[in-house]
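Here's the structure we're looking at; comments come further down.
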Amino acid sequence: MLSKEDNELITNTDPDTPMGELFRRYWVPVLLTEELPSKDCPPVEITVLGEELVAFRDSEGEIGLIDAYCPHRTAKLFWGRNEECGLRCVYHGWKFDRNGNCVDLPTEPSESNFVHKVKIKSYATQEIGGVIWAYMGPRDQMSELPKLEWTLVPDSHRFMMKMQVDCNYLQSMEGDIDSSHSAFLHSNLKGEIESGGSIMFKRETMRKYSFRDMAPRFFVKDTDYGLAIGARRGADEENYYWRITQWMMPTYSLIPKEPGATYQCNMRIPIDNHNHWFFRVVWNPDRPLSSEELWDYKHGGNVFPELIPGTFKAKANKSNQYMIDRSVQRSLTYTGIKGIPVQDQACTESMGTIANRTKERLGTSDTAIIQARRRLMSAAKQLLQGDRPYSAYHSDAYFIRSTVLELPKDIPFDEGAKELMQAKYSG
Amino acid sequence: MLSKEDNELITNTDPDTPMGELFRRYWVPVLLTEELPSKDCPPVEITVLGEELVAFRDSEGEIGLIDAYCPHRTAKLFWGRNEECGLRCVYHGWKFDRNGNCVDLPTEPSESNFVHKVKIKSYATQEIGGVIWAYMGPRDQMSELPKLEWTLVPDSHRFMMKMQVDCNYLQSMEGDIDSSHSAFLHSNLKGEIESGGSIMFKRETMRKYSFRDMAPRFFVKDTDYGLAIGARRGADEENYYWRITQWMMPTYSLIPKEPGATYQCNMRIPIDNHNHWFFRVVWNPDRPLSSEELWDYKHGGNVFPELIPGTFKAKANKSNQYMIDRSVQRSLTYTGIKGIPVQDQACTESMGTIANRTKERLGTSDTAIIQARRRLMSAAKQLLQGDRPYSAYHSDAYFIRSTVLELPKDIPFDEGAKELMQAKYSG
Amino acid sequence: MLSKEDNELITNTDPDTPMGELFRRYWVPVLLTEELPSKDCPPVEITVLGEELVAFRDSEGEIGLIDAYCPHRTAKLFWGRNEECGLRCVYHGWKFDRNGNCVDLPTEPSESNFVHKVKIKSYATQEIGGVIWAYMGPRDQMSELPKLEWTLVPDSHRFMMKMQVDCNYLQSMEGDIDSSHSAFLHSNLKGEIESGGSIMFKRETMRKYSFRDMAPRFFVKDTDYGLAIGARRGADEENYYWRITQWMMPTYSLIPKEPGATYQCNMRIPIDNHNHWFFRVVWNPDRPLSSEELWDYKHGGNVFPELIPGTFKAKANKSNQYMIDRSVQRSLTYTGIKGIPVQDQACTESMGTIANRTKERLGTSDTAIIQARRRLMSAAKQLLQGDRPYSAYHSDAYFIRSTVLELPKDIPFDEGAKELMQAKYSG
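Chains as they are written, first to last, in this note's numbering: chain A, 1 to 427; chain S, 1001 to 1427; chain C, 2001 to 2427.
Structure (structure tokens):
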């Protein structure tokens, strides 16, 4: 449970809010590379952290991420022409380069010096791992791009999708680090996780442990990057079965996967306080994704949903009750809703666009959620005092993997899994 | 005319408002039985009096009417599985019975006692007359289900429909007790009421009196149940022609019908302050409804509108200007809009979702409306003082019928019609 | 740049605001004559200056423009029957004539005098030039209908269209008097204005001057009607090339046209503060419009957009990104959007429904805009002091034309163009 004040603090990432300032110290994914596929291609409108922006790839292939509005008479630059290293407003031809400098101002007399006085907001970007990242904080405090393993592997080893979710980032992020819901929300009635083959994890293992022990104990360790979350279930007389999730500041997480598996990373980026972008990435550090995996990701609907063409909205969404099929719910799956991300979305969007945490009743299975909230709020408050967040400025902290393993009962999970939790990819 | 304050008082039925408290002392219809057709069928979302709820029929056939949101992390229980006498949230498997008790909490350790501490809001229900009724007031002040004749007759003697109306309950309820508008809004240009045959009332009688005397005198008598409203027109030298409408607390009414006719009851139940459910019931206490009547109710469009399949919205609605046909208005009917309920809806929804009663100009034909408002506001204020509303606790008061008759000029209508205004059905 | 306060002052035309009072001193176009084509035809709902109204043509062919709501119980008179010199509410038959008098009140006893006490808001109207005009100010201060040349010519000499624009009137009106944007927003990539033939102006001339001199100097003269705006470009050693736009109080403008051309007038009428009606009129004082011109106006899409049938909304609108074609933008035209009014709408609507003028950066090309704002705000403030606006009460001031001409460098444009700026039509 959160007080009304804390719920507002943690969910509000607009400019000049404590949480907004914290988020702006991190590099955040804002677009897929494929959304700006070539030099001088059409610009893209994007709202991030409550700020309306326009992105374009200029004639040198570099990304501009600038204010959505022309400063002259506030028409949208989205209508603009992307030409010769700048975006030119179609209204009066004012032109801005990727750094927000006005580089042409044809409606003023050429002897005027006005052009040099006009500059608009622009943000630094980097492009890696199929994603365009932005740093939206103070220029003199620029942080480091997180060294996430999936950003380093070849494109063939990775698949990703971006989806719009119509609720605040936090309630969805909480679902990402909430290991206990899979055995319900994502299961079928035979006690298996519906994951379209062996992609998510080995069904046998899950059948063996998770469903025998629906109420795992959660152990949460503070780390440089955020939290290591161990869900412990009984295995046999001498061992525990551990599934380890990592939560990385501010909103990234790794889903538990056995060593050698294809891994999965979730990222939640606020559009505004009532909507967010969900980036889901799967990657295999050791090999290209197989054609079976890719078919499942693109057509199976389980790990990634079907999107409405030309949009980043799932076909199954709130307006059609997520295409729930009550007869399937009765006879086959727990929800009657198809696919893990859509099942998640049905739950988290049903909480309202900002969940009312003054009414919740948390249990022991919510330990990680409680701790992640504490970390976020504490980091935001510390930043107000001038202490910048460690993880934002230490990209190596993000070079990690999730894992699943058995350990003798007397070994703490973070000690026993230390080696497995290190990312290994070396190019 | 009402003051701004009184208009807010009488139209606001949210929790913890004076009018909200008054409504919560009455049993109110919330769903049709057919919406929860069988044991363990899919649950139904419903908002009543501003409260978001979910209804389900459990494995014993009993109705649960509980909070829409799981208390754990506030996901909607509507996605839940209806199984073994309880609704189970799909997010983490928490399960609630029809009384709001948490009966299973699988994500917590079995030795935990947490399950016994979790309970959610639930309301008492009863099922009679094809309708599920709810009592949403204080448990220790539970009132009586109104003894409405139509709830007692066999299903074959009754037909009903539920419709969503996009305005506050009050302005539509005012239309139900406003006898004077029929001769305009519901008439054709020959001076007849468009009612699809003789179902609404005898055209001959109406032609004889109503259109000859467009401005009847209204006489309103306070009763146990609410008001008896007599609309008096001249008949001949010695007699008056009376059409008697009853208004029953809080929002029910009986449309004037001649003895032996098929009767009609209207009920208005706030969804929130800007929308309400309209339940319209017709019944004949003496015989099953005829196939001609049923055909007319289901297909005629006059007494009941055509609904958009799968919804409770009329096909002719605000978004399509109620399918008004101006050439029909010119040559055939008063409005060019088809069907009595749609004609009513066009008028009442056009007032805005809450009519601005500070601007109205009431006349003598509005006597019943003025008196019904007084009764509601006075009962709400008395309840604040601790005086509970008589009618809510005296169900026999509702065992009445409307009527139409001629009476000698010197006989008051409530005296002359006393016997006819009693319901008679005895099973 | 405007202060927040001034931006609110100038954009808010609701009743009882300074700008609302100023606008109400002018006759404003509210409907096309063709919207009320015949006696007793269906009424039309219309919101003007934030007031909800209903318009009807009565049995004598006269226009009524009265309150949208029946004063009885506030149902909309739009559902009403237009019959025998009055609009009759379908709810209870109350009937109002074009002056807002209640002329029949059938639900009250005939001996009642109530009917004479009931009167609703009505506004004076005049019909000329294919347009219904209204005066919405104080009756005892009635002003004069502006003597615009196009209102006087035969119907054959004139074409017009009315469009709904989803933003405040001001930002669109500013576009009308902003000569410098045509060379960008409305041009093709060869440096020509896309105007579907020679209708807008002679391409040769424009090619000669405008594109050679993208940054004309603006000279603005205060006049009785508003402003004469001269855009000066270099022509040759001894001459300047002038394009003269007139802005007429409160929101009308004439687009620069060479003598003898088909002229163009734009008018912006607030619906409310977030939407306005755009009336665009073309006329030739000397001859009927040619079939080529009419074809272009009706089907060309350049001067007038294609409308969604049965509405006044352009087919290309915000919901479909104004049908922008990025490949056309790359290879053919500046915007990839078809047609001048749609190009304008894309820009002005993108500013938000009320442009945030606290953020704009005006240049020398915005001189006319700055001056028009000053005139409007100053006139509104003077009216608060009791000084009524000169132009509203001097209709002859509007008998003007725009022009395009060359002048020796030492002749001020308003002097050199004086004769050409006079309208000439004499019937």
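For each residue, glycine too, the CB sits at the ideal point set by N, CA and C.
For the segment 153 to 200 of chain A, the continuous beta strand (DSSP E) assignments of 3+ residues that do not extend past its boundaries occur at 158 to 165, in sequence order. Residue 421 of chain A is outside the set of residues whose beta carbon lies under 8 Å from a beta carbon in chain S.
The beta carbon of residue 2125 of chain C sits closer than 6 Å to the beta carbons of 2063, 2065, 2132, 2134 from its chain, once the five residues preceding and following it are set aside; these are given in chain order. For residue 1258 of chain S, the CB contacts under 6 Å within the same chain, skipping 5 residues up- and downstream, are 1404 in chain order.
The CB of residue 1351 of chain S comes closer than 9 Å to the CB of 2069, 2073, 2074, 2075, 2076 in chain C, given here in chain order. Taking every protein chain shown into account, the CB of residue 2072 of chain C has 16 or more other CB atoms within 10 angstroms, so this residue is buried. Interface criterion not met: the Cβ of residue 2322 of chain C is under 8 Å from no Cβ in chain S. Rounded to the nearest whole angstrom, the CA to CA distance from residue 1079 of chain S to residue 402 of chain A is 30 Å. Between residue 2020 of chain C and residue 2011 of chain C a beta carbon distance of about 11 Å is seen, past the 8 Å cut, so the two are scored as non-contacting.
Cα atoms of residue 1377 of chain S and residue 2145 of chain C: separation of roughly 51 Å, rounded to the nearest angstrom. Boundaries of the beta strand (DSSP E) around residue 2245 of chain C: 2239 to 2248. The Cβ-Cβ distance between residue 108 of chain A and residue 2215 of chain C falls below 8 Å. Shown here, residue 2400 of chain C sits in a strand according to DSSP, grouped into three states. In the structure shown, residue 2347 of chain C adopts helical secondary structure according to DSSP, grouped into three states. In chain order, 29, 162, 267 place their CB closer than 6 Å to the CB of residue 279 of chain A, counting only its own chain and leaving out the 5 sequence neighbours on each side. Secondary-structure assignment with DSSP links residue 1048 of chain S through a beta bridge to S:1051. In the three-state reduction of the DSSP assignment, residue 2020 of chain C falls in the helix class. Around the beta carbon of residue 2357 of chain C, 16 or more other beta carbons sit within 10 angstroms, so the residue counts as buried. A straight-line Cα-Cα distance of about 13 Å links residue 1424 of chain S and residue 1397 of chain S. For residue 1127 of chain S, the uninterrupted beta strand (DSSP E) run begins and ends at 1124 to 1128, by DSSP. Residues of the segment 2348 to 2377 of chain C with a Cβ closer than 7 Å to any Cβ of chain A, in chain order: 2350, 2351, 2355, 2356, 2359, 2360, 2361, 2363, 2364, 2365.
Each of A:273, A:149, A:218 was checked against the Cα of residue 354 of chain A, and the nearest Cα belongs to A:273. Beyond the five residues adjoining it in sequence on each side, residue 349 of chain A comes within less than 6 Å, by CB distance, of 166, 167, 318 in the same chain, given in chain order. Counting of Cβ neighbours within 10 angstroms places residue 140 of chain A among the exposed residues, the total staying below 16. For residue 1007 of chain S, the CB contacts under 7 Å within the same chain, skipping 5 residues up- and downstream, are 1357, 1358 in chain order. Following the DSSP letters along the chain, one finds residue 413 of chain A in no beta strand (DSSP E) but inside the alpha helix (DSSP H) bounded by residues 413 to 416.
Checking the DSSP bridge columns, you'll see residue 1421 of chain S has no partner listed. Here residue 1135 of chain S is bridged, per DSSP, to S:1027, S:1124. At a beta-carbon threshold of 8 Å, the residues of chain A lying near residue 2334 of chain C are 81, 90, ordered along the chain. For the segment 107 to 133 of chain A, the residues whose beta carbon sits under 9 Å from a beta carbon of chain C are, in order, 107, 108, 109, 110, 112, 114, 117, 118. Taken atom to atom, the span from the alpha-carbon of residue 1271 of chain S to that of residue 1127 of chain S is near 19 Å.
Per the DSSP secondary-structure output, residue 57 of chain A pairs in a beta bridge with A:63.
DSSP places residue 225 of chain A outside both helix and strand once states are collapsed to three, so it counts as coil. Taking CB atoms only, residue 42 of chain A has a neighbour in chain C less than 8 Å away. Excluding its 5 nearest sequence neighbours in each direction, residue 1174 of chain S has C-beta neighbours in its own chain below 6 Å: 1369, listed in chain order. Residues 407 of the same chain have their beta carbon placed closer than 6 Å to that of residue 416 of chain A, with the five preceding and five following residues left out of the count.
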